């Protein structure tokens, strides 16, 4: 017997339709998915502005659905989606099983808002040099300079 696979389906519905019609269409799609799948989760539809026109549409409702089904059933549903006139575009993918196991095992974490970093400017620091105030060290430096000036080949 074939193994059931987790799928994620994302589709775009025309933005010209009213939200009530979109919601009823989503419920209709949920019923058709429920005929062959289980563990169905549908995200709230979002109205988005498209980056480029799709079938002369500038806005669309984005709907995401995740479910578990047999591969043959998912293929048949995909063929049925291609015939739907209300769907501008869709994408169905298989969810990786390793991600599914991690999501089930790990508890949900709350999102943390991190404040924006303030702009700081760094100034290079020169290492502190020892101040030599002793006459002896100054005299030695003067002697070395005189030797260099008298004989340029000393260097």
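Residue numbers (the numbering used here): 464 to 618.
We put the beta carbon where it would ideally sit given N, CA and C, even for glycine.
This one's a predicted model, so the numbers in the text were calculated from it and none came from an experiment.
Between the Cα of residue 466 and those of 597, 537 and 478, spot the shortest distance and give me the residue it belongs to. Within the chain shown, numbered from 1, the residue matching residue 466 stands at position 3. The shortest C-alpha separation from residue 466 is found at 537.
Could you tell me whether any Cβ in chain D is nearer than 7 Å to the Cβ of residue 493? The structure shown contains no chain D; it holds only a single protein chain.
Quickly, what does DSSP pair residue 475 with across the bridge? List them, please. Looking up residue 475 in the chain shown gives position 12. Paired residue(s): 525 and 552.
Measure from the alpha carbon of residue 518 to the alpha carbon of each residue in 505, 548 and 603, then state which is nearest. Here residue 518 corresponds to residue number 55 of the chain shown, with the count starting at 1. Measuring from the Cα of residue 518, the nearest candidate turns out to be 548.
Check for me: the alpha helix (DSSP H) holding residue 537 runs from which residue to which? Here residue 537 refers to the residue found at position 74 when the chain shown is read from its first residue. Element bounds for residue 537: 534-546.
What residue range does the alpha helix (DSSP H) around residue 669 cover? Past the boundaries of the shown model lies residue 669; the chain is included only from 464 to 618, so the question cannot be answered.
Should residue 508 go down as buried or exposed, given a rule of 16 or more other Cβ atoms within 10 Å for buried? On the chain shown, position 45 is the one that residue 508 refers to. That one is buried.
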